[in-house]
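This report concerns only the one structure given below.
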Amino acid sequence: MIRLTILLCVILLQSGLSFCQQLSKADYFQDLQYLKDTLSKRHINLFAKISKEDFDKNIASIKSRLTDSDNEKFTTELFKLTVAIRDEHTHIEPVFTKVVPIRFNKFIEGIYVTATDTANADVLLCQLTAVNGHAINEVMSRFKEIIQSENPSFFDTGFLRFINNPLILKGLQITSNSDETTFDFTDLNGKKIQRVIKSVAGANVDNLPLVEAKNMLLSKKKKGNYWYNYDEGTGTLYFNYNKCQEQEGYPFSAFNDELFAAIIKNKPKRLVIDLRDNGGGNSGILTPFIERIEQSHLNTKGKFYVLIGKRTFSSALMNAVALKRGTKAILLGEATSGSVNHYGEVRGFRLPHTKIVIGYSTRYWETWKGYDGPLRPDIPITYSVNNYAKGMDEAMIYVDKAR
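So the sequence shown is residues -20 to -1, 1 to 383, counted in mature numbering (1 follows the signal peptide of the UniProt record, and there is no 0).
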């Protein structure tokens, strides 16, 4: 459902070729006017949560603050505009060319390094306390200017995605240049570490050869859009559903047949479907599973669990809602980043000069009439960095102890 077309992917690739061209202030003004004229025409209901008057005022304010041709500032201002619009699917996709090779995750104790390059492997599982001399609370406060924060899960997901982005850090005036970033850490023993990490070429860290914190989490055991694991000792059959998308060479229908064959063969005590890292795609992919689990003996309270979290978004959220309403599943984890009822079905257009892609909603999804906000778990789960370091998954611990 939140799926930009192949054309958008091509647009992003092509636009990167011209991104390095020097733009004038007039170019930015023209892009801003193009956004103003185009977004209101293409969005299904742009003024659902912002009045046209306030939208126009935001555009005018951005123009008044653009005193020079500054790409970082322009990009940051567009992020601020999406916060004012308050549609979680309407967003901007800048052409990022640099990234700091480090990844963070949020735990109950704070924000910690979970992956980085080999040169900085010693800071794995260290707590982030400051960026370029700015305390982490101040950094998060500035990020709330560019990421919606009404839903803490939505904010956390965006913050963790962009905290290693030098363009964003510079645009928020947290850093003064995009070539390197200074981080302050505290390790698990309380030792203070300050580290300057240089930016590398890349749009994000997803394709970088990073060193990850070593652990034995079941959710990290395999890769792929969907896979399962049966633990004979606990009697738990675990189904990891990472992406609402068909896997090349392995259609979901074939996987689904294998999964239910394993259920018949092993007669598990309980079934778990993990949607915690699923950001969406096509909600219909999971339909064959939902139809079969509804008829299964495992569709019994205490035998079927759905794991949700802050990265559960869009189509994955719709799947979670369908399972919550149509089965006897128990939901475990954290509130989702997406709202149950929301605008979505994203399409996009490209700004002519900066080549920034603007994603906008074309449909309203009311998946649970009267439900307000994100999907909340039946049983909240908190995650500790100490357990993460030991490969212990609090949600799975809860499941495996269930009778």
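Beta carbons: idealized from backbone N, C-alpha and C, even for Gly.
Between the Cα of E192 and the Cα atoms of Y92, R256, G182, N157, which residue gives the shortest distance?
Y92
Could you tell me which residues DSSP pairs with V379 in its beta bridges?
DSSP, once it has assigned bridges, lists no residue as partnering V379.
Just how far apart, CA to CA, sit L140 and G282?
33 Å
Beta carbon of I288, beta carbon of D358: below 7 Å?
no
For N205, is the classification buried or exposed, using 16 other Cβ atoms within 10 angstroms of its Cβ as the cut-off for buried?
buried
If we ignore side chains and look at the alpha-carbon of each, how far apart do M376 and V301 end up?
20 Å
Assuming I338 and I72 make a contact with CB atoms under 8 Å, what is their CB distance in whole Å?
6 Å
Whose C-beta lies closer than 8 Å to the C-beta of I127 among residues of the same chain, with five residues either side of it excluded?
F59, V63, F134, F135, G138, F139, F142
CA-to-CA distance, I65 to E33, given in whole angstroms:
12 Å
Residue range of the alpha helix (DSSP H) that includes D34:
32 to 45
Uninterrupted alpha helix (DSSP H) stretches inside the stretch 295 to 372 (no shorter than 4 residues)
295 to 306, 365 to 369
Have a look at I(-19) and S276 and give me their C-alpha separation to the nearest angstrom.
Interpretation of I(-19) is limited by its pLDDT of 41, a score under 50 that renders its predicted location unreliable; the figure taken from the coordinates is listed afterwards. Using only the alpha carbons, I get a separation of about 30 Å.
Alpha-carbon spacing of K78 relative to K150, whole angstroms
12 Å
Note down, one range per segment and in chain order, each beta strand (DSSP E) of at least 3 residues found wholly within the stretch 76 to 145.
82 to 87, 90 to 96, 107 to 111
Going by beta carbon distance, what residues of the same chain come within less than 6 Å of G215, once the five residues before and after it are set aside?
P248, K249
If I177 and T161 are in contact, beta carbons under 8 Å, what's the gap, nearest whole angstrom?
6 Å
Can you pull the DSSP bridge partners for L251?
L217, F284
Coarse secondary structure for Q225, derived from DSSP in three states
coil
Reduced DSSP secondary structure (H/G/I, E/B, other) of T162:
strand
Please state the DSSP three-state secondary structure of G261.
strand
Nearest-angstrom Cα separation, counted from I88 out to S41:
38 Å
Roughly how many whole angstroms lie between the Cα atoms of L168 and L26?
46 Å
Out of L12, S49, G213, state which residue places its alpha-carbon closest to the alpha-carbon of K37.
L12
Burial state of V320, where buried means 16 or more other Cβ atoms lie within 10 Å:
buried
Would you please state the rounded distance, in angstroms, between the beta carbons of L188 and Y218? I believe it to be under 8 Å.
That pair is no contact at about 28 Å.
Determine the contact status of S294 and G318, defining contact as a CB-CB distance below 7 Å.
yes
Apart from the five residues just before and just after L46, which ones in its own chain have a Cβ nearer than 6 Å to its Cβ?
Y8
Simplified DSSP assignment, three categories, for K172:
strand
Given a cut-off of 7 Å, decide if T70 and Y344 are closer than it, judged by their beta-carbon atoms.
no
Start and end of the beta strand (DSSP E) containing Y8?
Segment 5 to 22 is the alpha helix (DSSP H) holding Y8; no beta strand (DSSP E) there.
Contacts around L303, its chain only, beta-carbon distance under 7 Å, and the 5 residues preceding and following it disregarded
I270, V286, A309
Among Y368, T334, G328, nearest to K21 - alpha-carbon criterion
G328
Quick one: what does DSSP say L149 is sitting in, helix, strand or coil?
helix
For R256, which option in Q225, G371, K349, T292 has the closest C-alpha, if you only look at C-alpha atoms?
T292
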